[in-house]
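Following: one structure in structure tokens, then a few remarks.
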Amino acid sequence: MNINGIPNQANTLQQTALIPGTKNGDPTEDAGLEKAIASEAKKTEENVFYEYQKEPWLLESINEHITNRLDYVAHKKIVDVLELALINVTYDSFRKDLQETHPEIASKKFGFTLNESASIKIIDYDNSLTENDKSVLTHAINGFREFKEQIQQHAKTVMTLGRSEV
């Protein structure tokens, strides 16, 4: 999954110390991004993110009327649309908060995806983010409300749909 960032026009400065795990200083200095990613990877290795199920409509009890693949896929597609709507609302809220706390970062173009450890990874489209910017964004977006869990759930739904429609 890959969502483009919404460009923001504000150009005022804020302290980076407002987000836990960051510090003021040289913005090109690495703020422990690799350490944060390694920590998340270690947590995720203990829990399997997604396991393939051959016939999930037989295993997942959604309701008594969903007993075949077609009904299951139709239901999952509806759930997928609702999950995306919730993700968009949460992401918009994240961008607003980011604009208030780090407008210099919010004005840059970035997106996100899930990495192999099921944590949100920042994508720097035009190489405008410093390592510190990436670290601030990684910590902020992974800790923002239930955003990480929403993205993970949506990814699972998409993987289940992809396997169920074959």
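In my numbering, each number is its position in the sequence shown, counted from 1, plus 727.
Idealized CB from N, CA, C, for every residue including glycine.
Keep in mind that this is a model prediction, so the values were computed, not measured.
Under the rule that 16 or more other beta-carbon atoms within 10 Å means buried, what is residue i, buried or exposed?
{"i": "residue 873", "result": "exposed"}
{"i": "residue 809", "result": "exposed"}
Just to confirm the assignment, what range does the beta strand (DSSP E) spanning residue i have?
{"i": "residue 839", "result": "837-841"}
Would you tell me roughly how many angstroms separate the C-alpha atoms of residue i and residue j, rounded to the nearest one?
{"i": "residue 781", "j": "residue 889", "result": "12 Å"}
{"i": "residue 826", "j": "residue 858", "result": "19 Å"}
{"i": "residue 842", "j": "residue 879", "result": "10 Å"}
{"i": "residue 974", "j": "residue 806", "result": "Lying outside 728 to 893, the shown extent of the chain, residue 974 is not represented and no answer is given."}
{"i": "residue 822", "j": "residue 794", "result": "41 Å"}
{"i": "residue 881", "j": "residue 864", "result": "21 Å"}
{"i": "residue 819", "j": "residue 833", "result": "12 Å"}
Who are the near neighbours of residue i in its chain, counting only those whose CB is closer than 6 Å to its CB and skipping five residues on each side?
{"i": "residue 875", "result": "847, 869"}
{"i": "residue 853", "result": "836"}
I'd like to know if residue i contacts chain C, where contact means its C-beta is closer than 9 Å to some C-beta of that chain.
{"i": "residue 793", "result": "Included in the structure is just one protein chain, with no chain C present."}
With a CB to CB cut of under 8 Å and the five nearest residues on each side skipped, what residues in its chain are close to residue i?
{"i": "residue 775", "result": "none"}
For a test of the three-state rule: what should DSSP assign to residue i, helix, strand or coil?
{"i": "residue 832", "result": "helix"}
{"i": "residue 872", "result": "coil"}
{"i": "residue 820", "result": "helix"}
{"i": "residue 794", "result": "coil"}
Can you tell me where the alpha helix (DSSP H) with residue i in it begins and where it stops?
{"i": "residue 848", "result": "Note, residue 848: premise wrong, no alpha helix (DSSP H); beta strand (DSSP E) at 847-851."}
{"i": "residue 868", "result": "858-869"}
Taking 8 Å as the line, does the beta carbon of residue i fall inside it for any heavy atom of the ligand FMN?
{"i": "residue 804", "result": "The ligand FMN is not among the ligands present in this structure, which contains no ligands whatsoever."}
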